[in-house]
Each structure stands twice: as C-alpha cells, then as structure tokens.
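What follows is a set of notes on a single structure, which appears directly below.
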Amino acid sequence: MNKTIEKLLKEREFNKILKLVELGIIDKEIGTKAIISTKEPEYIYRFAASIEGADIDKLQDAIIDAGINDAIYIYYFARDIKGANIEKLEDAMIKIENSHQIYYFARDIKGANIDKLQDAIMKINWPPIIYKFAGDVKGANIDKLQDAIIKNPTKENAKYIYEFANLKKGLDIEKLQKAIIATKDAQYIYYFARFQEGADIEKLEDAIIATKAAYYICEFAKEIEKANIKKLQDAIIATKDAECIYEFAKDIEGVDIDKLTDGIIATQDARWIYEFANEIKGANLGKLTDGIIATQDAYYICEFAKEIENANIEKLADGIIATKDAPYICEFAKNINGANIEKLTDGIIATQDARWIYEFAKNIKGVNIDKLTDGIIATKSYDVMHEFAKCIKGISAEKKDAIMKIVEVKDTDYGATDYSKTLSLLKYLLDTKDFETILDNKEEFSKLFVDKEQEVSKEQQKMLIKSK
-13 MNKTIEKLLK EREFNKILKL VELGIIDKEI GTKAIISTKE PEYIYRFAAS IEGADIDKLQ
47 DAIIDAGIND AIYIYYFARD IKGANIEKLE DAMIKIENSH QIYYFARDIK GANIDKLQDA
107 IMKINWPPII YKFAGDVKGA NIDKLQDAII KNPTKENAKY IYEFANLKKG LDIEKLQKAI
167 IATKDAQYIY YFARFQEGAD IEKLEDAIIA TKAAYYICEF AKEIEKANIK KLQDAIIATK
227 DAECIYEFAK DIEGVDIDKL TDGIIATQDA RWIYEFANEI KGANLGKLTD GIIATQDAYY
287 ICEFAKEIEN ANIEKLADGI IATKDAPYIC EFAKNINGAN IEKLTDGIIA TQDARWIYEF
347 AKNIKGVNID KLTDGIIATK SYDVMHEFAK CIKGISAEKK DAIMKIVEVK DTDYGATDYS
407 KTLSLLKYLL DTKDFETILD NKEEFSKLFV DKEQEVSKEQ QKMLIKSK
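So for the sequence shown, this note's numbering puts the first residue at -13; every next one is plus one.
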C-alpha cells in the first residue's frame, strides 16, 4: 500500500480514496484493500456502489463483518449492489437480530426468503415489528404471526395486538380478544369492544371493570351499545374516582342517581360533590349538604351555600364554623344571603384569629361589636387590637379605653411608671381574669404593693397572689 493511501487512511480521508480510485490514480485492488481495512460499512458500501468492476464478493464479506455494528448497510448492499449474494446477506442480517432491518430486508429485497426472515422476526418476538411484518410484507404467514404476537400480552404490547386484529378479515378474533384482555390495558380493551366486529361485549365488560380504570369504565358505559349499565355503575362507584362518578351520572342514561350520590359523597372530594349538586337533576340535596360539610373544605362549603339553589344555609353555616377557617367564615357572613350573623360571630371569635375578627367587625353589617371587642382582646394581638380600637365604630368608651391602656403598656414593654394607669390596667386584667398577662408582667405589677397606702382591694390582691 503506497504512502499516499497510508496517509489518507491515517487522516480518515476515505472520500479522497474513493475519488482517487474513480479517477484511476489508485488501482482498484489497492483501493478495495484500503477501504476494507477501514471497517467502515458506509464507505465499503459506497465503494461497491460507485466503483465499476470492484470485487463485490470481497466487499460483501467486508460489509457483513462491519455490519454487525450498522446493519442498515447490509440492507443497502442487498438492495443496491448488482451481483450481491442475497442469501448470504440475509443470513448475516438474521444473525445480527436487528428486527427493523430484517423487516426492511423482507419488505424490499427481491429474492429474499420470507419464511426464513419471518421465523427470525418471530424468534425476536417484538410485537411492533411482528405487526408491521404482517401488514407490509408480501407472502407473510398471518396465522403464524398472529400466534407470535399474542405470546406476550403485556400493556406495552396491547396497541399492536389490537391493531393486528384490524389488519384483515378472517383472523381468529377470539384468540386476539383473549390476548387483549390478558394485557389488562383498559384503553385497548375498550377500543376492542367498540371497534372490533364480533367482539364479546360481556367478556370485555368484565375485563374493563377488572382494570378499575374509571375513565374507560365510563366510556364503555357511554359508547358500547350492549353495555350493562348497572354493573358498570357499581364498578365506577368502587373506583372512588369522583370526577368519573360525576361524569357517569351526567352522561349515562338509566343510572341510579341516589346510588351515585352516595358514591360521590364517599369520595370526600369537595369539588365534585359540589359539581354533582349543581348539575345532576334529582340528586339528594340533603345528603350532598352533609357530604360537602364532612369534607371540611371551606371554599366549597361557601360555594355550595352561594350557588346551590335551596341549599340549607343554617346547616352550611355550622359547617363553615366547624372548619375554623377564619377567612371563609368571614366570606360566608359577607356573601351568603340569610346567613346567621350571630352564630358566625361566635364562630369567628372561636378562631382566635385577630386579623379576621377585625375584618369581620369592619365588613359585616349588623354584628355585635361588644362581643367582637371581647373576642379581639382575648387574642392578645396588640397591633390588631390597637387598629380595632381606632377603626371600628360602636365600641364602648370603657372597652376602648381598656384596649388603649393594654396597648400602651405593651408598647412600653409594661414599663409604665404612672401609678393610676398601671393600677387601672391591673383592675381590668383581674376583672377579665387575664392571669396570663398579669404573670407575664408580675414584676411591674408587684410595685403597686410596695406602699401600704396604695388602693388595691384585698380581693384583687388575693387574686393577684393566686395568679402568681
């Protein structure tokens, strides 16, 4: 091999070798030897395709050896090179076990042994290619391929088993149906029942129920003419899929609404219980009211009260209070006609959420300000108490003064030196039995008793000592 070729091989300039051989600058035999030495199937194939009179047998052996890593060039060689030994190339392709290239070989190469290639495909047993082989290769044995495709009935293969059944008439539908059921793939069990002529609807119905796939159980009931609605209804309830139970009630004729009402409530899914009450005619509103309350979902309890005609507002008010969700208790009081404001006032106070007690007093008409004032004081949220005292109308002067004193002492870390102010605050705290605040500031309040002449009742002193 001359130095020029050695240099080109070293630099991987394989195109230049081809060009030099084409121009007659390099001898064909030397060029063939050089290109084979590359072990590059693309250039071996191109050499055979472009160099007239090249040694096809040698190049073919080289493409077979190199094609282990790139089977497509064995296929190209068989397809494009005159004088190629199809049987030899076919055996090489089968040995490599590349299912795609075996399929292309059988489909496109004249003189290919279809039975041999088909056996190779069946041995590899990959359903997508078995299906394509059966559909595209002339002379393929459909019955054999049908037996092959149903050997591995998994979810991954369900699509190809289903599509195989639609290749042509005369296939063994019972065998294919058994395989599609064995895949446990709800989508293709449903498709088989809907689109396959001669399908056994009762068997497929049992299979779709066994998958517990709520969406396809619903679709089966909706689209399959001979479907057993009662059986599918029990199945959809058993899935506890709230959206699909709702869709079943909405879209399927002849259903038992009372049974589906119980089913939707059992899911405890607030959104779909609400939608069920809103959309399904004949639904038991009392049951659904209890159901929405049991979810403890404050947003949908509010929506239920606001949007559902003839909703039991009193019961829903109890439900919203039980959630202890202050913003939605406030929302309920503000937006629900006929809401019991007194009850909701007690509910908002019970949350001990100072900000929302303040918002309640500020935004809800007809509230008991005196009760809400006591509620805000009990939270010990001094910033909000101060805002409450400044902004809420209707607070008694006495309570407003008490709030301001509490806030003032808090602002100075209970460091007030004015005797009467501190004494007044202590009296208020004792009257309201706020021993926690007294204990927090016992050193400051103890100063009141240093001078025997300071006016604190014996009863109040006893209470203070007891609180310590």
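Each residue gets a CB set at the ideal place from its N, CA and C atoms; glycine is no exception. It should be emphasised that the depicted structure is a prediction, and the values quoted were computed from it without experimental measurement.
{"Check": "Please classify E76 as buried or exposed, where buried requires at least 16 other C-beta atoms within 10 Å of its C-beta.", "Outcome": "buried"}
{"Check": "With H, G and I counted as helix, E and B as strand and the rest as coil, what does DSSP make of V7?", "Outcome": "helix"}
{"Check": "According to the neighbour-count rule (16 or more other Cβ atoms, all chains shown, within 10 Å of its Cβ), is G324 buried or exposed?", "Outcome": "exposed"}
{"Check": "What separation, rounded to the nearest whole angstrom, lies between the Cα atoms of K(-11) and A20?", "Outcome": "12 Å"}
{"Check": "Compare the C-alpha of G121 against each of K141, R(-2) and Y90 and name the closest.", "Outcome": "Y90"}
{"Check": "Is the Cβ-Cβ distance between D207 and L190 less than 8 Å?", "Outcome": "In the sequence on display, residue 207 carries Ala and not Asp. No, the Cβ-Cβ distance between A207 and L190 is not below 8 Å."}
{"Check": "Nearest-angstrom Cα distance between I88 and I12?", "Outcome": "36 Å"}
{"Check": "How should K118 be labelled, buried or exposed, when 16 other C-beta atoms within 10 angstroms of its C-beta is the threshold for buried?", "Outcome": "buried"}
{"Check": "Can you find the residues in the same chain that come closer than 7 Å, C-beta to C-beta, to C204, ignoring five residues on each side of it along the sequence?", "Outcome": "I222, C230, E233 and F234"}
{"Check": "Hey, I322 and A291: beta-carbon distance below 8 Å or not?", "Outcome": "yes"}
{"Check": "By the three-class DSSP mapping on this structure, what secondary structure does G401 have?", "Outcome": "Note that G401 scores 42 on pLDDT, short of 50, meaning its location in the model is unreliable and no value can be drawn from it."}
{"Check": "Distance, Cα to Cα, L131 vs T281?", "Outcome": "54 Å"}
{"Check": "According to DSSP, is V123 helix, strand or coil?", "Outcome": "coil"}
{"Check": "When you compare each of R180, A151, A179 and I147 to T169 by their alpha carbons, which one comes out closest?", "Outcome": "I147"}
{"Check": "What does the Cβ neighbour count give for T140, buried or exposed, with the cut at 16 atoms within 10 Å?", "Outcome": "exposed"}
{"Check": "If you draw a straight line from the C-alpha of E462 to the C-alpha of D339, how long is it?", "Outcome": "Since the first residue shown for the chain is -13 and the last is 454, residue 462 is missing from the structure and cannot be characterised."}
{"Check": "Measure the C-alpha to C-alpha separation of I456 and I116 and round it to an integer number of angstroms.", "Outcome": "Residue 456 lies beyond the range of the chain shown here (-13 to 454); nothing can be said about it."}
{"Check": "With DSSP as the reference, label Q182 as helix, strand or coil.", "Outcome": "coil"}
{"Check": "Taking the beta carbon of I54 as the centre, do at least 16 other beta carbons fall within 10 Å, making it buried, or is it exposed?", "Outcome": "exposed"}
{"Check": "Starting from A106, follow the alpha helix (DSSP H) in both directions and report where the run begins and ends.", "Outcome": "I100 to I110"}
{"Check": "Out of A256, A228 and R257, which has the shortest C-alpha to C-alpha gap to L246?", "Outcome": "A228"}
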